[in-house]
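Colleague: The structure under discussion is supplied below as structure tokens; questions concerning it will follow.
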Amino acid sequence: MNHYRYRCDRCGISWPDRETVAEANRDREEHRATHDGNQPVSFRPALRMAAVLGAGLGAMAIWNWIHGR
1 MNHYRYRCDR CGISWPDRET VAEANRDREE HRATHDGNQP VSFRPALRMA
51 AVLGAGLGAM AIWNWIHGR
């Protein structure tokens, strides 16, 4: 049995699995109407940047702790 899911390329929101393509297309049409031509703000790049900065700062702290003894 196939399952279909709509995922918005603009904002990344996913819907639950649907039984038919028509149901997934209905989800798509309803959601695209909410965009009104405006692309919503995506926080993914900011979260990715925060994770990289956190990893870098953590690595620097460990380095200073090890070599500061």
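Reminder that position 53 of the sequence shown reads as 53 in the working numbering, one-by-one numbering, no gaps.
All residues carry an ideal CB built from backbone N, CA and C; glycine is no exception.
According to DSSP, which residues form a beta bridge with TYR6?
Modeller: Answer is none; TYR6 lacks a bridge partner.
Colleague: Is the Cβ-Cβ distance between ARG28 and SER14 less than 9 Å?
Modeller: Not a contact, by the Cβ cut-off of 9 Å.
Colleague: Short check: CB of ARG18 to CB of HIS3, under 9 Å?
Modeller: A contact, by the Cβ cut-off of 9 Å.
Colleague: What residue range is occupied by the uninterrupted alpha helix (DSSP H) comprising PRO45?
Modeller: Per DSSP, PRO45 belongs to the alpha helix (DSSP H) from 44 to 67.
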